[in-house]
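Residue numbers (the numbering used here), protein chains in the order written: chain A, 133 to 470; chain B, 133 to 470. C-beta atoms are modelled at their ideal positions from N, C-alpha and C, and glycine is treated no differently. What follows is one structure encoded as structure tokens, with my remarks underneath.
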DNA sequence: ATCAACCGTGTAATCGATTCCACGCCCCGA
DNA sequence: TCGGGGCGTGGAATCGATTACACGGTTGAT
């Protein structure tokens with residue numbers, strides 16, 4: 133592969149001049165520029181990003197560590213992150229933690245070894261001293277979706293309070309009173325936050341949320357299945373199961389089916405995270421939709437702000453309720469007042 | 133961030149010795165080794181992968197360019213690729229082409245600029261002279277799932293012939309005769325191959341496959357919707373629509389629903405690619421399942437073979453039919469012969 | 001006419017690693 | 001006693017870029 137020296141030789145100039153042409157430095161004569169450009173063309177020269185990074189101490193690359201690639205929410209996030217970054221001249225390297233702290237740490241370390249300019253992270257459950265070190269070391273860093281409390285790192289996330297309140301209001305209006313929730317891992321902030329929002333909304337509607345109606349999940353389908361089975365085995369099972377993410381909702385759906393029960397007639401299901409597939413399940417699932425694309429874009433902007441020395445901003449974007457039929461139809465209560 | 137010089141100073145040895153310790157070169161005294169290791173510990177030193185790559189001319193990184201991150205088939209593939217690569221000491225950088233040749237080329241170029249050791253690619257529709265150049269230039273490269281005919285590049289893919297034959301047999305047994313297919317883009321090999329397999333199977337069962345029953349899709353949900361609408365508008369619409377990938381099947385499902393028709397009573401749907409969600413759709417979808425994990429792993433092995441100078445092998449792994457209820461129940465024909 | 005400013009260019013240092021080569025030392029055999 | 005052969009070590013070249021600095025040649029102001 134041709135190097136800058138080959139180009140310089142071919143064009144009859146020094147490597148410095150070649151470099152200047154390539155970086156559109158002003159003081160190069162049109163003649164030299166032309167010869168260099170021609171040489172580049174002839175040789176099919178492409179600058180070696182590795183060498184360039186070593187010298188300039190910047191890679192124009194962002195790292196993104198997500199909790200689970202198989203979760204459509206995170207792939208949607210990854211896509212918008214990559215898009216926004218590309219638009220701003222950065223590349224993105226994605227690491228998949230699979231909800232395992234060791235694997236998360238592996239990726240964080242590898243990314244740091246590659247001297248990425250900044251790190252976008254949705255921390256997995258379980259603590260990671262590494263993360264604390266990295267945050268303190270001054271590496272540009274932004275949390276997306278989830279975060280680690282106590283670290284001075286900007287967070288870009290969805291605020292589900294309002295949407296969860298809308299959800300509970302919707303369920304209440306449909307006549308449901310016994311609502312249960314499948315929570316995320318206690319150590320993830322989103323896990324807690326969603327439970328809190330739900331608890332608040334329940335209280336506001338004068339509904340009780342007994343401990344038996346709070347199941348511990350881990351954001352994976354299996355845990356949704358397991359918790360739902362426990363709910364169904366209760367002397368007084370809930371009328372609605374609200375899963376804190378889309379995968380657990382899927383597990384819940386499975387468990388209900390396996391019992392030979394129907395949704396929503398026998399039991400209703402709702403989910404945090406809206407994904408394209410929820411339109412096609414039987415029945416279509418009522419969900420709290422996060423503005424995933426906006427989150428990804430905002431996160432990249434915040435991160436690049438840090439990288440380029442500007443003041444970053446934490447962002448919380450509102451989520452919104454998308455009503456479908458998995459908790460019962462509400463066509464019986466028309467809203468029009470004509 | 134500490135460099136090898138800092139470690140050398142701290143340990144009171146030269147950088148050469150530090151390097152030798154780090155690369156477990158034999159001729160280093162236990163004493164020196166101990167001091168270096170201690171210094172590494174104290175400084176929290178991590179070797180700069182950029183510098184190392186520049187010197188050694190290898191990055192221990194593989195590039196993976198997939199056609200669409202939002203397609204669960206490709207995320208599953210990406211996951212297994214990353215896993216296998218990690219197990220062998222390589223990292224993976226993923227690029228998402230979004231089925232757009234220019235974006236694919238952008239990623240290929242960026243990956244090459246970063247001097248990845250090898251490239252795993254599932255080429256998008258449309259031709260790309262760049263790909264031909266890269267293949268000819270001797271860059272280690274392997275195609276997964278799709279490929280570009282005429283290039284001397286190993287291909288790792290699923291062979292769907294048998295499974296598609298099983299599918300047609302299954303449909304035939306259920307009494308269906310008018311079967312239609314939503315093809316992928318003509319220029320993608322998988323697109324053609326799946327149509328050919330289908331055509332062969334139809335012929336084997338003495339069934340006609342009129343042109344009107346072959347729709348042109350592009351592997352995206354929208355095209356599935358559009359083509360299905362055309363099928364439904366036919367004087368004699370098909371009894372079954374077979375989509376050449378999972379996204380188009382979803383679009384087909386949408387189109388059928390939008391018409392107020394039921395699946396499978398009014399029209400059946402089947403898909404190439406099996407994904408976890410197909411269990412949860414209404415109704416669960418009959419599909420041809422690719423051994424995605426095995427494909428990813430085999431692809432990485434083939435690529436690393438090239439990178440490390442061994443002879444690579446093209447691989448075709450058999451796909452298999454997974455019968456669900458989207459084409460009609462076949463519980464009426466028990467297989468047991470007890 | 002003189003000098004400063006400026007322009008285009010090249011030389012060389014530099015980034016952080018790896019690795020070839022040489023050097024000093026010790027041990028062993030002749 | 002002397003020489004050859006490891007062994008452990010350090011010096012320095014090298015990878016491919018960027019960039020500070022120096023240099024020669026114009027140009028314009030005084």
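May I have the straight-line CA-CA distance separating residue 425/B from residue 208/B, to the nearest angstrom?
Answer to the nearest angstrom: the Cα atoms are 7 angstroms apart.
Any chain A beta carbon closer than 7 angstroms to residue 242/B
Chain A, which has a Cβ nearer than 7 angstroms to the Cβ of residue 242/B, makes this yes.
For a contact meaning CB atoms closer than 7 angstroms, what does residue 228/B contact in chain A?
For residue 228/B, the residues of chain A that pass the 7 angstroms Cβ criterion are 211, 214, in the order they occur in the chain.
Pairs of beta-carbons, one from the region 191-201 of chain A and one from the region 162-170 of chain A, closer than 8 angstroms: are there three or more?
Taking a cut-off of 8 angstroms on C-beta distances, the region 191-201 of chain A does not touch the region 162-170 of chain A, as fewer than three cross pairs fall below it.
Can you give me the C-alpha to C-alpha distance between residue 299/B and residue 455/B, rounded to a whole angstrom?
Taking the straight line from one Cα to the other gives about 8 angstroms.
Close beta carbons around residue 458/B, own chain, < 7 angstroms, minus the five adjacent residues each side
So the qualifying residues of the chain are 395, 396, 400, 401, 402, 415, 416, 417, 418.
Residues that residue 246/B contacts on chain A, provided the C-beta gap is smaller than 7 angstroms:
Within 7 angstroms Cβ-Cβ: 181, 182.
Considering just the uninterrupted stretch of the alpha helix (DSSP H) at residue 261/B, what are its terminal residues?
Residues 261-269.
Roughly how many angstroms lie between the CA atoms of residue 466/B and residue 296/B, to the nearest whole one?
Residue confidence for residue 466/B is low, a pLDDT of 41 falling below 50, so the modelled location carries little weight; the figure read from the coordinates is stated next. So the two alpha carbons sit approximately 22 angstroms from each other.
Got a sec? Which residues, its chain only, sit under 6 angstroms from residue 369/B by beta carbon, not counting five neighbours each side?
Excluding positions up to five away in sequence, the list reads 363.
Short Cβ contact (7 angstroms threshold) for residue 288/A with residue 430/A
Yes, these two residues count as a Cβ contact at 7 angstroms.
Short of 8 angstroms Cβ to Cβ, which residues in the region 376-393 of chain B face chain A?
For the region 376-393 of chain B, the beta-carbon criterion of a distance under 8 angstroms to any beta-carbon of chain A is satisfied by 382, 385, 386.
Cα-Cα separation, residue 224/B to residue 349/A
Whole-angstrom Cα-Cα distance: 30 angstroms.
Buried or exposed: residue 464/B, going by 16 or more other Cβ atoms within 10 Å of its Cβ?
Note that residue 464/B has pLDDT 45, beneath the 50 cutoff, so the model's placement of it is unreliable and the number below is only indicative. Burial call: exposed.
My guess is that residue 248/A and residue 195/A are in contact by the Cβ rule of under 8 angstroms, so how many angstroms apart are they, rounded?
4 angstroms between Cβ atoms; contact.
Quick test of the definition: if touching needs 3 or more C-beta pairs under 8 angstroms, does the region 172-186 of chain B touch the region 226-239 of chain B?
These segments do not touch.
Ignoring anything shorter than 3 residues or poking outside the region 311-355 of chain A, list the beta strand (DSSP E) runs there in chain order.
311-315, 346-348, all fully within the region 311-355 of chain A.
Taking residue 436/A and residue 192/A to be in contact with their CB atoms under 8 angstroms, please state how far apart those CB atoms are, rounded to whole angstroms.
About 10 angstroms; that fails the 8 angstroms criterion.
Apart from the five residues on each side of it in sequence, which residues of its chain come closer than 7 angstroms, Cβ to Cβ, to residue 470/A?
Bear in mind that the predicted position of residue 470/A carries a pLDDT of just 32, short of 50, making it unreliable; the figure below should be weighed with that in mind. Beyond the five residues adjoining it in sequence on each side, residue 470/A comes within less than 7 angstroms, by CB distance, of no other residue in the same chain.
Residue nearest to residue 450/B in terms of C-alpha spacing, selected from 151/B, 383/B, 444/B, 422/B
If you compare the alpha carbons of 151/B, 383/B, 444/B, 422/B with that of residue 450/B, the shortest gap goes to 422/B.
Roughly how many angstroms separate the alpha carbons of residue 322/B and residue 411/B, rounded to a whole number?
Using only the alpha carbons, I get a separation of about 24 angstroms.
List, in order along the chain, the chain A residues whose C-beta lies closer than 8 angstroms to that of residue 436/B?
Result: empty, since nearest Cβ-Cβ is about 17 angstroms, beyond 8 angstroms.
Taking residue 415/B as the query, report the chain A residues whose CB atoms sit under 8 angstroms from its CB, ordered along the chain.
Simply 414.
With DSSP run on the structure shown, which of helix, strand or coil describes residue 278/A?
Three-state result, residue 278/A: coil.
Quick check on DSSP: helix, strand or coil for residue 413/B?
Three-state result, residue 413/B: strand.
I'd like the span of the alpha helix (DSSP H) that includes residue 379/A, first residue to last.
Looking at the DSSP string, the run of the alpha helix (DSSP H) that includes residue 379/A is 378-390.
Do the CB positions of residue 384/B and residue 376/B come within less than 7 angstroms of each other?
No, the Cβ-Cβ distance between residue 384/B and residue 376/B is not below 7 angstroms.
Which class does residue 248/B belong to by DSSP, given the choice of helix, strand or coil?
Coil.
Using the Cβ count rule (16 or more neighbours within 10 Å means buried), how would you classify residue 253/B?
Looking at its Cβ environment, which holds 16 or more other Cβ atoms inside 10 Å, residue 253/B is buried.
Among 162/B, 136/B, 358/B, 308/B, nearest to residue 178/B - alpha-carbon criterion
Nearest C-alpha to residue 178/B: 136/B.
Whole-Å CB distance - residue 316/B paired with residue 351/B, under 8 angstroms assumed:
About 5 angstroms separates the beta carbons of residue 316/B and residue 351/B, which is inside the 8 angstroms limit, making them a contact pair.
From 210/A, 313/A, 189/A, 277/A, pick the residue whose C-alpha is nearest to that of residue 245/A; which is it?
When C-alpha distances from residue 245/A are compared across 210/A, 313/A, 189/A, 277/A, the shortest belongs to 189/A.
Pull up the DSSP beta-bridge partners for residue 155/B, would you.
None; residue 155/B has no bridge partner.
What is the rounded straight-line gap between the Cα of residue 154/A and the Cα of residue 264/A?
One Cα belongs to residue 154/A, the other to residue 264/A, and the distance between them is close to 39 angstroms.
Can you name the residues that DSSP bridges to residue 404/A?
Per DSSP, the beta-bridge partners of residue 404/A are 420/A.
In this structure, what does DSSP give as the bridge partners for residue 203/A?
Residue pairing for residue 203/A: DSSP places it in no beta bridge.
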